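Working notes, structure below.
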Amino acid sequence: MTPTDTTAPPPSLWADLRAALRGTQADYTRIPLKRAVLLLAIPMMLELVLESTFAVVDIFFVAQLGASAVATVGLTETYLFLLYSVAMGLATAVTAIVARRVGEQRGEAAALSAVQAIVLAVLVSLPVTFAGIFWAQDLLRLMGADAWAIEHGYRYTQWMLGGNLVILLLFVINAVFRGAGDAATAMRVLWVANAVNIALDPLLIFGLGPIPAMGVEGAAIATNIGRGVGVLMQLWILARGSEHLRLTAASLRWDGATLLQIARTSLGGIGQMIIAMTAWVFLMRILASLSTEAVAGATIAMRVMMFTLMPAWGMSNAAATLVGQNLGAGDAARAEAAVWRIGWMNMVFTLAVSVAFFFAHDAIIGLFTDDPAVVAVGGEWLSILAYSYFVYGWWMVAVQAFNGAGDTLTPTWINFVFFWLIQLPLAWALALPLGWAHSGVFWGVFVSETAVGLFTLWLFSRGGWKKVTV
């Protein structure tokens with residue numbers, strides 16, 4: 151029986167679960183759609199669950215150092231979000247292109263795209279490395295950091311921005327694996343990377359025996375080491391070959407046309423992420439003008455939010471792979487069916503999370519800090535999120551459907567309108583002129599992000615993404 155034999159008896163659920171975790175050579179354009187979603191979604195969900203677990207564990211340890219340390223992490227993350235926007239934009243393009251080449255049965259072209267993506271990531275990292283090493287204090291000062299962060303916390307910023315190459319490579323190479331259908335490989339890489347992070351975090355932050363206590367700087371060092379280990383693992387797997395992708399001597403070369411294709415396709419993905427992330431930067435700047443506790447509470451709430459959204463994001467990544475591969479195989483109807491199936495799964499999950507946010511918001515934030523002011527801020531945001539969290543699930547799937555098809559410009563324009571033209575002015579007006587303080591920021595986010603989710607889903611239903619070529 152071949153891996154793509156659609157006439158053979160379907161495997162049991164237990165067999166599919168094992169295949170999802172181990173990896174499989176199944177052809178996702180031919181096997182039953184329900185099984186394709188399962189084989190891709192499970193490892194992609196688990197991949198990002200552990201990534202979000204690390205984010206929560208990291209902020210848990212840092213929170214023991216005080217509100218200023220948490221604020222240092224939060225303000226640094228405003229810049230990291232810009233880097234993540236580039237990394238995710240590149241990853242979006244790489245997933246779409248590799249998935250399309252795999253769906254077209256062009257393995258050598260997929261491998262060549264992977265190599266060019268790595269080269270592009272290295273080039274992009276250089277200016278960020280320079281800025282992080284030499285201007286860390288200035289960057290924190292620009293964001294309104296307090297004296298402690300500028301004097302003591304800046305080393306965290308130096309490490310995180312100076313070591314940005316491992317962030318970019320981790321994103322981009324795992325995007326290669328996901329686009330090829332090697333979701334289990336991407337999952338194992340992040341498991342290893344974040345397990346190292348979690349093990350090193352308390353050792354380097356608080357010290358143990360001969361290891362000195364490095365405080366918030368130790369959190370950054372642990373993160374860089376863990377991600378560096380993950381990148382080395384990725385490169386080893388690429389050299390050895392995974393289930394659906396194998397680099398050859400012919401693919402290990404510079405190819406300007408392919409590199410430019412990735413760059414052009416990534417512009418829309420980078421644009422949509424930069425718009426969203428810079429909106430977050432300005433929101434954090436508004437919160438920083440209010441109080442350190444407002445920044446700390448919002449930072450913890452954001453970590454909790456990302457933790458709960460990662461499984462939904464993993465399922466959305468499965469939608470991007472299935473859209474790309476099935477469009478490559480010429481089956482647009484199957485691509486659309488995959489998106490609707492995953493969308494309903496995401497909605498059920500995010501509704502369950504909403505219940506927890508609504509009834510236990512303060513208790514959740516209280517797991518990370520005993521500062522009542524920080525708990526009040528973070529808990530309020532979670533309670534507001536509970537009213538429309540299910541929309542986030544649909545939004546992510548619809549966006550990833552556009553991205554998986556290679557239509558990265560449509561979400562960019564959507565983000566521009568809803569984040570820059572609606573969210574920022576609304577949050578500013580509610581928070582400052584109208585005097586709602588941090589509550590105004592949170593309600594501004596609620597209105598704009600609920601609207602953008604519903605609009606994106608409606609636009610997806612019109613089907614223009616099916617005609618995109620990459």
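The opening residue of the sequence shown carries number 151 in the numbering used here; numbering runs sequentially from there.
Ideal placement from N, C-alpha and C gives every residue a C-beta, glycine not left out.
As the structure is a computational prediction, the values presented were derived from the model and not from experiment.
Just to confirm the assignment, what range does the alpha helix (DSSP H) spanning residue i have?
i       : result
Val-505 : 482-516
Gln-130 : Since the first residue shown for the chain is 151 and the last is 620, residue 130 is missing from the structure and cannot be characterised.
Pro-522 : 522-535
Ala-241 : 217-253
Leu-318 : 314-330
Trp-593 : 588-611
Leu-397 : Taken as a continuous stretch (DSSP letters only), Leu-397 belongs to no alpha helix (DSSP H), as it is neither H nor E.
Gln-384 : 366-390
Which partner residues of residue i appear in the DSSP bridge assignment?
i       : result
Leu-440 : Answer is none; Leu-440 lacks a bridge partner.
Leu-358 : Ile-361
In whole angstroms, give me the CA-to-CA distance for residue i and residue j.
i       : j       : result
Gly-529 : Met-238 : 29 Å
Leu-517 : Phe-210 : 8 Å
Gly-594 : Leu-576 : 5 Å
Thr-606 : Trp-545 : 6 Å
Gly-216 : Leu-318 : 30 Å
Trp-490 : Thr-619 : 21 Å
Trp-404 : Ala-526 : 53 Å
Met-423 : Asp-208 : 24 Å
Thr-449 : Thr-373 : 18 Å
Gln-531 : Ala-186 : The identity of residue 531 in the sequence shown is Trp, whereas the question assumes Gln. If I take the Cα positions, the gap works out to 36 Å.
Gly-376 : Val-199 : 16 Å
Asp-557 : Thr-174 : 28 Å
Ala-413 : Ala-426 : 19 Å
Thr-226 : Gly-282 : 10 Å
Val-524 : Ala-369 : 21 Å
Gly-256 : Leu-582 : Checking the sequence, you will find Arg at residue 256 rather than Gly. Answer to the nearest angstrom: the Cα atoms are 55 Å apart.
Leu-385 : Leu-340 : 13 Å
Glu-254 : Gly-478 : 5 Å
Ile-492 : Ala-506 : 22 Å
Phe-508 : Tyr-539 : 10 Å
Gly-313 : Phe-231 : 14 Å
Leu-311 : Arg-484 : 41 Å
Val-445 : Ala-264 : 38 Å
Leu-433 : Thr-458 : 21 Å
Ala-325 : Glu-393 : 15 Å
Leu-358 : Ala-286 : 28 Å
Arg-250 : Val-236 : 21 Å
Leu-402 : Gly-421 : 29 Å
Asn-553 : Gly-543 : 16 Å
Ala-261 : Leu-382 : 18 Å
Measuring alpha carbon to alpha carbon, tell me which residue in the options is nearest residue i.
i       : options                               : result
Pro-193 : Ala-213, Leu-215 and Ala-170          : Ala-170
Leu-240 : Pro-583, Leu-273 and Arg-256          : Leu-273
Ser-466 : Val-381, Met-495 and Val-454          : Met-495
Leu-320 : Gly-378, Gly-365 and Pro-352          : Gly-378
Gln-411 : Tyr-537, Leu-276, Ile-247 and Leu-167 : Ile-247
Gly-613 : Val-473, Met-364 and Leu-183          : Val-473
Ile-323 : His-302, Phe-356 and Ala-271          : Ala-271
Ala-333 : Tyr-537, Leu-190 and Leu-311          : Leu-190
Arg-453 : Ala-213, Val-269 and Thr-415          : Ala-213
Leu-163 : Leu-388, Ile-181, Gly-368 and Leu-188 : Leu-188
Ile-268 : Glu-367, Gly-380, Glu-301 and Leu-409 : Leu-409
Leu-417 : Thr-242, Glu-599 and Met-195          : Thr-242
Gly-621 : Asn-565, Val-252 and Ala-330          : The structure shown does not extend to residue 621, since the chain spans only 151 to 620, so no value can be given for it.
Glu-486 : Ala-469, Phe-568 and Leu-433          : Ala-469
Gly-391 : Gly-357, Gly-331, Val-346 and Leu-459 : Gly-331
Ala-568 : Phe-610, Phe-596 and Leu-196          : The residue you asked about is not Ala; residue 568 is Phe in the sequence shown. The shortest Cα separation from Phe-568 among Phe-610, Phe-596 and Leu-196 belongs to Phe-596.
Thr-335 : Ser-441, Leu-433, Thr-228 and Arg-172 : Arg-172
Arg-180 : Thr-428, Phe-540, Ser-263 and Gln-475 : Gln-475
Val-120 : Gly-419, Ser-504 and Gly-603          : Here the chain covers residues 151 to 620 and nothing more, so residue 120 does not appear.
Val-366 : Leu-350, Thr-600, Ile-515 and Ala-579 : Leu-350
Arg-396 : Gly-543, Glu-258 and Arg-168          : Glu-258
Leu-276 : Arg-305, Leu-388, Arg-291 and Val-316 : Val-316
Ile-514 : Gly-447, Leu-388, Pro-561 and Ala-488 : Gly-447
Cβ of residue i versus every heavy atom of the ligand MN: is any distance shorter than 7 Å?
i       : result
Ala-513 : Absence of the ligand MN is noted for the structure shown, with no ligands found whatsoever.
Are the C-beta of residue i and some C-beta of chain D separated by less than 8 Å?
i       : result
Tyr-178 : Absent from the structure: chain D. Only one protein chain is present.
Mind listing, in chain order, the continuous beta strand (DSSP E) runs of no fewer than 3 residues lying wholly within the stretch 172-207? Unbroken beta strand (DSSP E) runs of no fewer than 3 residues, entirely contained in the stretch 172-207, are not found.
Any alpha helix (DSSP H) of 4 or more consecutive residues that is wholly inside the stretch 530-573: Complete alpha helix (DSSP H) runs here, min 4: 539-554 and 559-565.
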